[in-house]
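Working notes, structure below.
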Amino acid sequence: MENVTVLRAPSLTTVQDLGRADQRRQGVSVGGALDLFAARVANLLVGNAEEAALLEITFGGLRLRFNDSRSVAWCGGTFQARIAEAKFPAGCRGIVRRGEELEFDPVEAGGRAWIAIAGGIDVPSVLGSRSTDLRSGFGGFEGRALRDGDVIPLGKTAQADADMRLANWSAPVEWAQSGLRSAVLRIVEGSEWDEFVPEAQTAFLKEPFTVTAKADRMGARLEGAQLRRTNQWELASEAVAPGAVQVAHDGQPIVLLGDCQTIGGYPKIAHVISVDLPRAAQLRPNDTVRFQKLTFAEAGTLFAERERDLQRFRVGLSLRPG
Amino acid sequence: MSFFLTPLGDSALILRVGDSLGEVLAVVHKLEAARIPGVLEIAPAFASVAIFLKSPEHLADCEAAISTALGKGRRAAAKSHVARVHEIPVCYDPAFALDLEEVAKHCGLSPNEVITRHAAGHYHVRCIGFTPGFPYLSGLPEVLTTARRASPRTAVPAGSVAIAGRQAGIYPLQSPGGWNIIGRTPLRFFDVTRKPAALCAPGDRLRFVPITRQEFEAWKT
Chain A
1 MENVTVLRAP SLTTVQDLGR ADQRRQGVSV GGALDLFAAR VANLLVGNAE
51 EAALLEITFG GLRLRFNDSR SVAWCGGTFQ ARIAEAKFPA GCRGIVRRGE
101 ELEFDPVEAG GRAWIAIAGG IDVPSVLGSR STDLRSGFGG FEGRALRDGD
151 VIPLGKTAQA DADMRLANWS APVEWAQSGL RSAVLRIVEG SEWDEFVPEA
201 QTAFLKEPFT VTAKADRMGA RLEGAQLRRT NQWELASEAV APGAVQVAHD
251 GQPIVLLGDC QTIGGYPKIA HVISVDLPRA AQLRPNDTVR FQKLTFAEAG
301 TLFAERERDL QRFRVGLSLR PG
Chain B
323 MSFFLTPLGD SALILRVGDS LGEVLAVVHK LEAARIPGVL EIAPAFASVA
373 IFLKSPEHLA DCEAAISTAL GKGRRAAAKS HVARVHEIPV CYDPAFALDL
423 EEVAKHCGLS PNEVITRHAA GHYHVRCIGF TPGFPYLSGL PEVLTTARRA
473 SPRTAVPAGS VAIAGRQAGI YPLQSPGGWN IIGRTPLRFF DVTRKPAALC
523 APGDRLRFVP ITRQEFEAWK T
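Residue numbers (my numbering), protein chains in the order written: chain A, 1 to 322; chain B, 323 to 543.
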């Protein structure tokens, strides 16, 4: 049976992949795994294509029963996971035999994790992606979050093949465990950075901000210093993107995440750099965030370095015998 | 052409141009014609065009290439946008027109006059956003200018035809929303089984054609 049964999904669990990055013209959110890097690494660990669909869990508590044998791997926040009662750490490959369970305890730090299963989650591709668009109700598993009792179809996998050829390599700890209680998010200047008063710019980079209860896949509202602008011009709505830090009328910042709308009218003080979106994806209420400003060139270099490291990891995985 | 190019994070750029639809579309055509390497998608908004890149590694090169592309290539810009015209059937039945009375009162018109004025407008799609396929329309007759509702609805039905400020729009999917609802269309403005999924695109022209409740129900089946 090429599927897996959801025994318990007490908090938001969705099917995601790398998202719909080229449908913004039609007003479609990018979506996808909020930590694309974790999703790619987890998929590589089980021998999947990086863009294979996997599960994104929030806060833990998930229990899955496997109906055939599969390699699995997960990356994300600090969770205790077990396969058939045996400890199953982040960033390495485990094997769940037919009839066994994979379970996640409530999260200790961070908020989300990505679970790759060999063969991938086999749901139809909608607008070029298998990601669940929760707001619009399409993609993923029936366009919705998973519920207790759902039976999720899996893609075919040559299990013996996967077992033999993949190295028993684990991913570097900083890739596998991105959840932190106190995060530093590195940013570049937003398009309205210069419109904020100097005190607001200083406070934004010096003071801590607290994540409020208004945090979901669309974004996380923060609370902290008042960020005032030099003017109160209304902006014509223009494109926004995951990572944008908008400042609402109350002077408080919002960090946008993968399910954010495609356009918005709030001024953007900053933008989280691509390589730090994984940290932003782990923010949960009451966490503390600080911002550190980089140049665009530095952000580009960090991205290039990380891709180079991932390429080495990819090559290493495919070369080592198991 | 005067423009202002600014990064949107490390892997996208926003090009601010004048707020005329023609200018925005001309820029889109120019950028598309330039086929700049590393560009993933070009998406127009009201007075700007966003250029999304494949990765942060393309940012500097694309910034330069965009400036170059806009500096020349007048011929590409001369290719005018082929505007499609959509006739949108709208049922203004009180069961659908949740805010028609309010709008009429606010504008000092009768509900029927609101309908006549709304259906007489010549609309242009300025931008698609808010939800998948939601068209922001310019061209609402000035007399119908009405502020958003004081408190947004948590669930506006799919197909709702709405106005807010000087803008008009259609809710393609059920979603929260604060615009004034004055009718409903049986057309699906967003359908993932269709290609493209969104019924209209920036630059398209729209006309609203009043239909009866019976025609609405017949359309649905």
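C-beta atoms are modelled at their ideal positions from N, C-alpha and C, and glycine is treated no differently.
Stretch-stretch touch, CB-based, cutoff 8 Å, three pairs: the segment 227 to 240 of chain A with the segment 192 to 200 of chain A: Yes, the segment 227 to 240 of chain A touches the segment 192 to 200 of chain A.
In whole angstroms, give me the CA-to-CA distance for tryptophan 541 of chain B and threonine 507 of chain B. Taking the straight line joining both Cα atoms gives about 9 Å.
In three-state DSSP terms, what is phenylalanine 313 of chain A? If DSSP states are grouped into helix, strand and coil, phenylalanine 313 of chain A belongs with the helices.
In chain A, which residues lie less than 7 Å from isoleucine 450 of chain B when you measure between Cβ atoms? Here the neighbours are Arg25, Gln26, Gly27.
Isoleucine 254 of chain A beta carbon less than 8 Å from that of alanine 304 of chain A: Going by C-beta atoms, alanine 304 of chain A is not nearer than 8 Å to isoleucine 254 of chain A.
At what residues does the beta strand (DSSP E) containing arginine 65 of chain A begin and finish? Residues 63 to 66.
Going along chain B in order, which residues have a C-beta closer than 8 Å to the C-beta of histidine 271 of chain A? Scanning chain B for C-beta atoms nearer than 8 Å to the C-beta of histidine 271 of chain A yields Pro329, Leu330, Gly331, Asp332, reported in chain order.
Are the segment 369 to 383 of chain B and the segment 309 to 316 of chain A touching, with three or more C-beta to C-beta distances below 8 Å? Look at the beta carbons and you see the segment 369 to 383 of chain B not touching the segment 309 to 316 of chain A: under three pairs across the two are nearer than 8 Å.
Output yes or no for whether 8 Å exceeds the beta carbon distance between phenylalanine 209 of chain A and glutamate 223 of chain A. Yes, these two residues count as a Cβ contact at 8 Å.
Run down chain B in chain order and give the residues with a C-beta less than 8 Å from the C-beta of phenylalanine 138 of chain A. Chain B residues near phenylalanine 138 of chain A: Val514.
Between serine 333 of chain B and leucine 392 of chain B, is the Cβ-Cβ spacing less than 8 Å? No.
Can you name the start and end residues of the beta strand (DSSP E) that glutamine 246 of chain A belongs to? First-last of the beta strand (DSSP E) with glutamine 246 of chain A: 244 to 247.
Would you mind stating whether arginine 8 of chain A and leucine 55 of chain A have Cβ atoms separated by less than 8 Å? In this structure, leucine 55 of chain A does not lie closer than 8 Å to arginine 8 of chain A by Cβ.
Determine, using beta-carbon pairs with one atom in the segment 34 to 47 of chain A and one in the segment 108 to 126 of chain A, whether at least three such pairs fall under 8 Å. Pairwise C-beta distances place the segment 34 to 47 of chain A in contact with the segment 108 to 126 of chain A, as three or more of them are shorter than 8 Å.
Residue range of the unbroken beta strand (DSSP E) whose run includes alanine 334 of chain B: Taken as a continuous stretch (DSSP letters only), the beta strand (DSSP E) holding alanine 334 of chain B covers 334 to 338.
Buried or exposed: which applies to lysine 301 of chain B, given that a residue is buried once 16 or more other Cβ atoms fall within 10 Å of its Cβ? Nothing can be reported for residue 301 of chain B: it is not among the residues displayed for chain B, which extend from 323 to 543.
Residues that aspartate 383 of chain B contacts on chain A, provided the C-beta gap is smaller than 7 Å: Per Cβ cutoff of 7 Å: no residues; aspartate 383 of chain B is ~10 Å from chain A at best.
Going by DSSP, what residue range makes up the beta strand (DSSP E) through asparagine 3 of chain A? Where asparagine 3 of chain A is concerned, the enclosing beta strand (DSSP E) stretches over 3 to 8.
Could you say if the segment 125 to 143 of chain A and the segment 98 to 113 of chain A meet the contact criterion of at least three C-beta pairs nearer than 8 Å? Flag = no, the segment 125 to 143 of chain A and the segment 98 to 113 of chain A do not touch.
What are the residues that DSSP puts in a beta bridge with serine 460 of chain B? Paired residue(s): B:His446.
Does DSSP put isoleucine 80 of chain A in a helix, in a strand, or in coil? Correcting the residue type first, residue 80 of chain A is glutamine in the shown sequence and not isoleucine. Glutamine 80 of chain A sits in coil when the DSSP states are folded into three classes, being neither helix nor strand.
Chain A contact for alanine 520 of chain B (CB, 8 Å cutoff): Judged by the 8 Å Cβ criterion, alanine 520 of chain B is in contact with chain A.
Contact under 8 Å by Cβ, serine 71 of chain A with glycine 47 of chain A: Here serine 71 of chain A is near glycine 47 of chain A, since their CB atoms are less than 8 Å apart.
Any heavy atom of the ligand GDP within a distance shorter than 7 Å of the CB on glutamate 539 of chain B? As presented, the structure is devoid of all ligands, the ligand GDP included, so that no description of it is given.
In this structure, how does DSSP classify serine 318 of chain A when only helix, strand and coil are distinguished? Residue state, collapsed to three classes: helix.
Interface residues of chain B around valine 184 of chain A at Cβ under 9 Å? Residues of chain B whose Cβ lies closer than 9 Å to the Cβ of valine 184 of chain A do not exist; the shortest such Cβ separation is about 16 Å.
Alpha-carbon spacing of aspartate 383 of chain B relative to glycine 360 of chain B, whole angstroms: Going by C-alpha positions, aspartate 383 of chain B is about 9 Å away from glycine 360 of chain B.
Just checking: is the beta-carbon of glutamate 551 of chain B within a distance shorter than 8 Å of some beta-carbon in chain A? For chain B, the structure presents residues 323 to 543; residue 551 of chain B sits outside this window and is missing.
Is the Cβ-Cβ distance between glutamine 16 of chain A and alanine 53 of chain A less than 8 Å? Yes.
If we ignore side chains and look at the alpha-carbon of each, how far apart do arginine 439 of chain B and alanine 477 of chain B end up? Each residue's alpha carbon lies about 26 Å from the other.
Within 10 Å of its beta-carbon, does aspartate 161 of chain A have 16 or more other beta-carbons around it, so buried, or fewer, so exposed? For aspartate 161 of chain A, the predicted structure reports a pLDDT of 49, less than 50, and the residue's modelled location is therefore unreliable. The matter cannot be settled from this model.
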